[in-house]
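FYI, the numbering used here numbers position 413 of the sequence shown as 527, with every residue one higher than the one before it.
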Amino acid sequence: MERLFRGSGLLNLQRRPRRAHKGSDGGRRGLASAQEPAPEVAGARPSQAPGTMPRRLQPRSAGTKGPPGTTAAASEAASRPHALASRDSPASAKPLLRWDEVPDDFVECFILSGYRRLPCTAQECLASVLKPTNETLNFWTHFIPLLLFLSKFCRLFFLSGRDVPFHHPWLLPLWCYASGVLLTFAMSCTAHVFSCLSLRLRAAFFYLDYASISYYGFGSTVAYYYYLLPGLSLLDARVMTPYVQQRLGWHVDCTGLIAAYRALVLPVAFVLAVACTVACCKSRTDWCSYPFALRTFVFVMPLSMACPIMLESWLFDLRGENPTLFVHFYRRYFWLVVAAFFNVSKIPERIQPGLFDIIGHSHQLFHIFTFLSIYDQVYYVEEGLRQFLKEPPDAPTFLGTVGYMLLLVVCLGLVIKKFLSNAEFCSKK
115 MERLFRGSGL LNLQRRPRRA HKGSDGGRRG LASAQEPAPE VAGARPSQAP
165 GTMPRRLQPR SAGTKGPPGT TAAASEAASR PHALASRDSP ASAKPLLRWD
215 EVPDDFVECF ILSGYRRLPC TAQECLASVL KPTNETLNFW THFIPLLLFL
265 SKFCRLFFLS GRDVPFHHPW LLPLWCYASG VLLTFAMSCT AHVFSCLSLR
315 LRAAFFYLDY ASISYYGFGS TVAYYYYLLP GLSLLDARVM TPYVQQRLGW
365 HVDCTGLIAA YRALVLPVAF VLAVACTVAC CKSRTDWCSY PFALRTFVFV
415 MPLSMACPIM LESWLFDLRG ENPTLFVHFY RRYFWLVVAA FFNVSKIPER
465 IQPGLFDIIG HSHQLFHIFT FLSIYDQVYY VEEGLRQFLK EPPDAPTFLG
515 TVGYMLLLVV CLGLVIKKFL SNAEFCSKK
């Protein structure tokens, strides 16, 4: 039995010796030393020397690759810290754990402390949002924006003073967009609060988190398609045909090209939403060396649907014609670049592991800057709605808005079900 507990690397919760952090060699020396025989150290994982960090604390490229363990084995490992802690003295039964007291699947890169006990009950998870854990501010940095956006959309739909009722077809794209924004923040909060219930539920919540981001991305495209793109000179054949002839000397009728683009925008965005969810779910495996970079990249892909707005600002005087769209559009993308930087670089905790475990680590900064980007987006989508209502074209159809969103929900649900049915994808962070 002692050998079994040592094999799990989860003996008692005694104080560990100070462990050296990963250096510029990507942690490979630590991994090499971990393979050498080490003397018996109380509380140390036999698979690694007391002075090394686990593979999950390092970038994934530094670790060895191979097929991940099964859900059953990982679930057993997840339950051991709690069971073993109860055998120790009461002093060791502390509410928060260090990285070497939880399974590797739960360890975040460069975050050394502040981990919750595993497994937690739902009541313990909810209570933890008021305690200083490494997930607390991950929750609050999206829960507060959730309340702000909920208030914002309630005013837009019910208290705006417009003559258009909330159920009018002209507002269907706004309903799609609002549902995407609110669902993204709600699922993020849920995933961060309940991620320590069990390994399978942890995987399920984060899969749903990825799916909600894809859902939001497609909802944004629906709002752009109806409220923003019709007002662009770039997509007006009466403007583009003489522009191309004058600037390039090409006698081309742009009517067909613009019509083809309009016909393909929503189907292409739909496919990208499903593909991004699949890629992000696959990133939760040991075969993915750079999961955070991959997730950041795949969610940048749907942003290409906003390229017409960027081209409009280059070819025409967007700043003069629509200053609200120009300013908030580019400021939104500045916030997104900053958010992507923190999400991929893992700064500042990479520089000083352990110092930013509770407050100030990269995921919290990532949440803050994504909130700012969506705040700017809501502002110019609202402005686009005002312009749309002044001279509305044909009313959006239910199938072309809500119908698309419902079909996407079904497809994303099938993707998540597929990954959850595969045991190997349920055991990795």
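All residues carry an ideal CB built from backbone N, CA and C; glycine is no exception.
Just so you know, these numbers come straight off a predicted model, no measurement behind them.
Candidates the options: which alpha carbon is nearest residue i's?
{"i": "E249", "options": "L503, Y357, H475, S326", "result": "H475"}
{"i": "S397", "options": "Y324, L311, W213, S309", "result": "Y324"}
{"i": "L503", "options": "P279, L261, P209", "result": "P279"}
{"i": "Y444", "options": "Y493, Y404, F411, L469", "result": "Y493"}
{"i": "L439", "options": "L343, A373, R352", "result": "L343"}
{"i": "F257", "options": "L315, Q478, G517", "result": "Q478"}
{"i": "Y447", "options": "Q491, Q501, F406", "result": "Q491"}
{"i": "P507", "options": "D367, F220, G345, V529", "result": "G345"}
{"i": "G514", "options": "P233, V336, Y329", "result": "V336"}
{"i": "P259", "options": "A300, V243, S242", "result": "A300"}
{"i": "H481", "options": "I327, C390, L264", "result": "I327"}
{"i": "T369", "options": "V358, C290, Q237", "result": "V358"}
{"i": "V412", "options": "T298, S265, A454, L380", "result": "A454"}
{"i": "A389", "options": "F220, L232, V529", "result": "V529"}
{"i": "V307", "options": "G498, L378, Q237", "result": "Q237"}
{"i": "P405", "options": "I372, K460, K531", "result": "K460"}
{"i": "L380", "options": "L362, M419, S347", "result": "M419"}
{"i": "D367", "options": "Y375, R376, P356", "result": "P356"}
{"i": "H384", "options": "Y518, C268, Y341", "result": "According to the sequence provided, residue 384 is Phe. The question's His does not apply to it. Closest by alpha carbon: Y518."}
{"i": "I512", "options": "L499, V414, H281", "result": "Note that residue 512 corresponds to Phe in the displayed sequence, not to Ile. Out of L499, V414, H281, H281 has the C-alpha closest to the C-alpha of F512."}
{"i": "R376", "options": "D431, F267, P467, Y338", "result": "Y338"}
{"i": "Q501", "options": "E435, E463, M424, P233", "result": "E435"}
{"i": "S293", "options": "D277, F430, E215, K266", "result": "K266"}
{"i": "V414", "options": "A387, R276, P233, R433", "result": "A387"}
{"i": "F456", "options": "L371, W428, A407", "result": "A407"}
{"i": "E426", "options": "M354, L261, A241", "result": "M354"}
Opposite residue i in the DSSP bridges: which residues?
{"i": "P230", "result": "Looking at the sequence shown, residue 230 is not Pro but Arg. In DSSP, R230 forms a bridge with L210."}
Rounded to a whole number of angstroms, what is the C-alpha to C-alpha distance between residue i and residue j?
{"i": "I488", "j": "V295", "result": "8 Å"}
{"i": "P437", "j": "L288", "result": "21 Å"}
{"i": "V392", "j": "L534", "result": "12 Å"}
{"i": "A148", "j": "D218", "result": "With a pLDDT of only 38 at A148, under 50, the local geometry of the prediction cannot be trusted, and no value is derived from it."}
{"i": "L285", "j": "S302", "result": "26 Å"}
{"i": "V523", "j": "Y321", "result": "13 Å"}
{"i": "L251", "j": "R352", "result": "51 Å"}
{"i": "L211", "j": "R230", "result": "6 Å"}
{"i": "V451", "j": "V458", "result": "11 Å"}
{"i": "C601", "j": "A318", "result": "Past the edges of the chain, shown from 115 to 543, lies residue 601, and the structure says nothing about it."}
{"i": "G527", "j": "L520", "result": "11 Å"}
{"i": "C548", "j": "N536", "result": "No statement about residue 548 is possible, as the shown extent of the chain runs from 115 to 543 and does not include it."}
{"i": "Q360", "j": "D350", "result": "16 Å"}
{"i": "A199", "j": "W213", "result": "Low per-residue confidence applies at A199: pLDDT is 40, beneath 50, and the placement is therefore not dependable, though the value from the model is reported in the following sentence. In a straight line, the C-alpha of A199 is about 15 Å away from that of W213."}
{"i": "R409", "j": "C394", "result": "5 Å"}
{"i": "F272", "j": "Y291", "result": "16 Å"}
{"i": "F332", "j": "C310", "result": "30 Å"}
{"i": "H298", "j": "F483", "result": "The sequence as given places Thr at residue 298; His does not occur at that position. Computed Cα separation, rounded: 14 Å."}
{"i": "K531", "j": "L348", "result": "41 Å"}
{"i": "L486", "j": "L417", "result": "16 Å"}
{"i": "A509", "j": "R269", "result": "22 Å"}
{"i": "W254", "j": "V243", "result": "8 Å"}
{"i": "F263", "j": "V495", "result": "13 Å"}
{"i": "A305", "j": "R316", "result": "7 Å"}
{"i": "G228", "j": "F220", "result": "12 Å"}
{"i": "Y330", "j": "C525", "result": "14 Å"}
{"i": "V216", "j": "R464", "result": "20 Å"}
{"i": "E497", "j": "G468", "result": "44 Å"}
{"i": "L362", "j": "R433", "result": "24 Å"}
{"i": "I225", "j": "S334", "result": "33 Å"}
{"i": "I372", "j": "P422", "result": "11 Å"}
{"i": "M424", "j": "R276", "result": "30 Å"}
{"i": "L232", "j": "R314", "result": "13 Å"}
Below 7 Å, is the gap between the Cβ of residue i and the nearest heavy atom of the ligand ZN?
{"i": "D277", "result": "As far as ligands go, the structure on display features none, and thus does not contain the ligand ZN."}
The stretch 466 to 474 touching the stretch 237 to 249, judged by at least three CB pairs closer than 8 Å: yes
Whole runs of the alpha helix (DSSP H) within the stretch 230 to 290, excluding any shorter than 4 residues: 236 to 241, 250 to 272
Uninterrupted alpha helix (DSSP H) stretches inside the stretch 334 to 401 (no shorter than 4 residues): 351 to 362, 369 to 396
Residue ranges of each alpha helix (DSSP H) within the stretch 458 to 530, 4 or longer: 476 to 504
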